[in-house]
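K.L.:
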């Protein structure tokens, strides 16, 4: 993907662009400029655009064909109306760029950010992280006096989040013992309720829950999972602050948390869910036999 980065009111903005060759300038006669300007406002059927712009309908199909060939517009819908096929068009990108030289320099600034996936939409605002990552205290703490051994997985998660956003205005990571759920808005919790007391407090509100006594496990409306390498990704409204959301990335044990982190960072598209609240159960596997999980399988997802 190619981007144009521009400065507006002191803030960097980006837009995905279609790169064209210098020869393509000839395709932009007055009629085609009118078509592109129209499509920049909204997509529509060729016949309707011809009517609005006062262009002969047969002629407009020729212009559309040339613009489509150049990759500037694309057909997004086709339907039959009164025995004829009507095609709906839209711009392929929101910007057009022409590079005049092959002597390109290495990019020195921040990498353009990808569009964040639906699963992260409530935790990123604009181009900035709008949430706090919470990891368990490595010292004995909580009802089980446990030491967290999965906090380092937040580094992997942070690298992943860096594809979609910049650092927020506040420090982005906190220990569970330093978090007040009533005062926080959006949280990403790494680690289960035994080692992360923030997860312990919201466990009863989750659509799938960790068992509160041995043998440790995850209980869903459909099944119960007890394998150590099983983890969950769950998103709920913050029960202590309804203006925010909580994303739980945790496992039955630390290896299950690793499986959950791998799932959200490497199999993001498989986790897409349009609901505000959802859960997904995953299991990690060691396929190459080196004693470390290197692959995950999705065992269950909420409807």
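Residue numbers (the numbering used here): 2 to 304.
Backbone N, C-alpha and C fix where the C-beta goes; we use that ideal spot for every residue, glycine too.
Leaving out five residues on either side along the sequence, give the residues of the same chain with a beta carbon under 6 Å from the beta carbon of residue 25.
P.N.:
Looking up residue 25 in the chain shown gives position 24. Only 71 meet the Cβ criterion.
K.L.:
Once DSSP output is grouped into helix, strand and coil, what is the label at residue 268?
P.N.:
Within the chain shown, numbered from 1, the residue matching residue 268 stands at position 267. In the structure shown, residue 268 sits in coil (DSSP, three-state: anything other than H, G, I, E or B).
K.L.:
Assuming residue 147 and residue 196 form a contact by the criterion Cβ under 8 Å, report the distance between their Cβ atoms to the nearest whole angstrom.
P.N.:
Taking the chain shown and counting its residues from 1, one reaches residue 147 at position 146. Taking the chain shown and counting its residues from 1, one reaches residue 196 at position 195. Correct: roughly 5 Å between the Cβ atoms.
K.L.:
If we call anything under 7 Å between Cβ atoms a contact, is residue 251 one with residue 193?
P.N.:
Mapped onto the chain shown, residue 251 falls at position 250. Mapped onto the chain shown, residue 193 falls at position 192. In contact: residue 251 and residue 193 (Cβ atoms closer than 7 Å).
K.L.:
Taking C-beta to C-beta, are residue 209 and residue 280 nearer than 7 Å?
P.N.:
Within the chain shown, the letter at position 208 stands for residue 209. Within the chain shown, the letter at position 279 stands for residue 280. Closer than 7 Å, so yes.
K.L.:
Span of the beta strand (DSSP E) holding residue 19?
P.N.:
Taking the first residue of the chain shown as 1, we reach residue 19 at position 18. It spans 12-21 - the beta strand (DSSP E) in which residue 19 sits, taken as one unbroken run.
K.L.:
Can you tell me which of 21, 285, 60 puts its alpha carbon nearest to the alpha carbon of residue 100?
P.N.:
If you number the chain shown from 1, residue 100 lands on position 99. Of the candidates 21, 285, 60, the one whose C-alpha sits nearest the C-alpha of residue 100 is 21.
K.L.:
From the DSSP output, which residues share a beta bridge with residue 3?
P.N.:
Position 2 of the chain shown, counted from the start, is the residue given in the question as residue 3. Looking at the DSSP assignment, residue 3 forms a beta bridge with 18.
K.L.:
Taking Cβ to Cβ, would you say residue 284 is nearer than 7 Å to residue 230?
P.N.:
Stepping through the chain shown from its first residue, residue 284 is reached at position 283. Stepping through the chain shown from its first residue, residue 230 is reached at position 229. Contact: yes.
K.L.:
Compare the Cα-Cα distances from residue 185 to each of 165, 244, 145 and report the closest residue.
P.N.:
Position 184 of the chain shown, counted from the start, is the residue given in the question as residue 185. The option with the nearest alpha carbon to residue 185 is 244.
K.L.:
Within the same chain, show all residues whose beta-carbon is closer than 7 Å to that of residue 56, passing over the 5 residues directly before and after it, in chain order.
P.N.:
Here residue 56 corresponds to residue number 55 of the chain shown, with the count starting at 1. Within the same chain, residue 56 has close Cβ partners 32.
K.L.:
Give the DSSP bridge partners of residue 281, in chain order.
P.N.:
Taking the first residue of the chain shown as 1, we reach residue 281 at position 280. DSSP output for residue 281 lists 234, 302 as bridge partner(s).
K.L.:
Rounding to the nearest angstrom, what Cα-Cα distance links residue 98 and residue 19 in this structure?
P.N.:
Taking the first residue of the chain shown as 1, we reach residue 98 at position 97. Taking the first residue of the chain shown as 1, we reach residue 19 at position 18. Going by C-alpha positions, residue 98 is about 6 Å away from residue 19.
K.L.:
Is the region 82-99 close to the region 130-149, with three or more CB pairs under 8 Å?
P.N.:
no
K.L.:
In chain order, which continuous runs of the beta strand (DSSP E) of length 3 or greater are located wholly inside the region 180-228?
P.N.:
188-191
K.L.:
Going by DSSP, what residue range makes up the alpha helix (DSSP H) through residue 58?
P.N.:
Position 57 of the chain shown, counted from the first residue, corresponds to residue 58. Where residue 58 is concerned, the enclosing alpha helix (DSSP H) stretches over 58-70.
K.L.:
Going by DSSP, which residues form a beta bridge with residue 76?
P.N.:
Looking up residue 76 in the chain shown gives position 75. 90, per the DSSP bridge assignment.
K.L.:
DSSP three-state label for residue 154, please.
P.N.:
Residue 154 sits at position 153 when you count from the first residue of the chain shown. Reduced to three states, the DSSP call for residue 154 is helix.
K.L.:
Any idea which residues DSSP pairs residue 262 with across the strands?
P.N.:
Your numbering for residue 262 matches position 261 in the chain shown. For residue 262, which the question treats as bridged, DSSP gives no partner whatsoever.
K.L.:
Between the Cα of residue 233 and the Cα atoms of 43, 160, 297, 179, which residue gives the shortest distance?
P.N.:
For the purposes of this step, residue 233 is identified with residue 232 of the chain shown, where counting begins at 1. Closest option to residue 233, Cα to Cα, is 297.
K.L.:
Report, in whole angstroms, the separation of the C-beta atoms of residue 249 and residue 158, which I expect to be a contact under 8 Å.
P.N.:
In the chain shown, the residue the question calls residue 249 occupies position 248. In the chain shown, the residue the question calls residue 158 occupies position 157. Rounded, the Cβ-Cβ distance is 12 Å, inconsistent with contact.
K.L.:
Return the residue from the list 278, 73, 302, 258 that minimises the CA-CA distance to residue 294.
P.N.:
Here residue 294 is taken as the residue at index 293 of the chain shown, counted from 1. Checked all of 278, 73, 302, 258; the closest Cα to residue 294 is 258.
K.L.:
Report buried or exposed for residue 152, applying the criterion of at least 16 other Cβ atoms within 10 angstroms of its Cβ.
P.N.:
As a working note, residue 152 is residue 151 in the chain shown. With 16 or more Cβ atoms within 10 Å of its Cβ, residue 152 is classed as buried.
K.L.:
Going by DSSP in three states, residue 244 sits in which element: helix, strand or coil?
P.N.:
For the purposes of this step, residue 244 is taken as residue 243 along the chain shown, with counting starting at 1. DSSP places residue 244 in coil when its eight states are reduced to three.
K.L.:
So for residue 149, helix, strand or coil by DSSP?
P.N.:
Locating residue 149 in the chain shown gives position 148, counting from the first residue. The answer is coil: DSSP assigns residue 149 none of H, G, I, E or B.
K.L.:
So for residue 163, helix, strand or coil by DSSP?
P.N.:
Taking the first residue of the chain shown as position 1, residue 163 is located at position 162. The answer is coil: DSSP assigns residue 163 none of H, G, I, E or B.
K.L.:
Taking Cβ to Cβ, would you say residue 74 is nearer than 7 Å to residue 54?
P.N.:
The sequence position of residue 74 within the chain shown is 73, counting from 1. The sequence position of residue 54 within the chain shown is 53, counting from 1. No, the Cβ-Cβ distance between residue 74 and residue 54 is not below 7 Å.
K.L.:
Would you call the CB atoms of residue 227 and residue 216 closer than 7 Å?
P.N.:
In the chain shown, the residue the question calls residue 227 occupies position 226. In the chain shown, the residue the question calls residue 216 occupies position 215. Yes; because the gap between Cβ atoms is below 7 Å, this pair is in contact.
K.L.:
Can you tell me where the beta strand (DSSP E) holding residue 98 begins and where it ends?
P.N.:
Position 97 of the chain shown holds residue 98. Here the beta strand (DSSP E) through residue 98 covers 97-99.
K.L.:
Please report the residue range of the beta strand (DSSP E) in which residue 135 lies.
P.N.:
The residue given as residue 135 occupies position 134 in the chain shown. Note, residue 135: beta strand (DSSP E), 133-136.
K.L.:
State the DSSP-derived secondary structure class of residue 309, mapped to helix, strand or coil.
P.N.:
The chain is shown from 2 up to 304; residue 309 falls before or after that span and cannot be answered.
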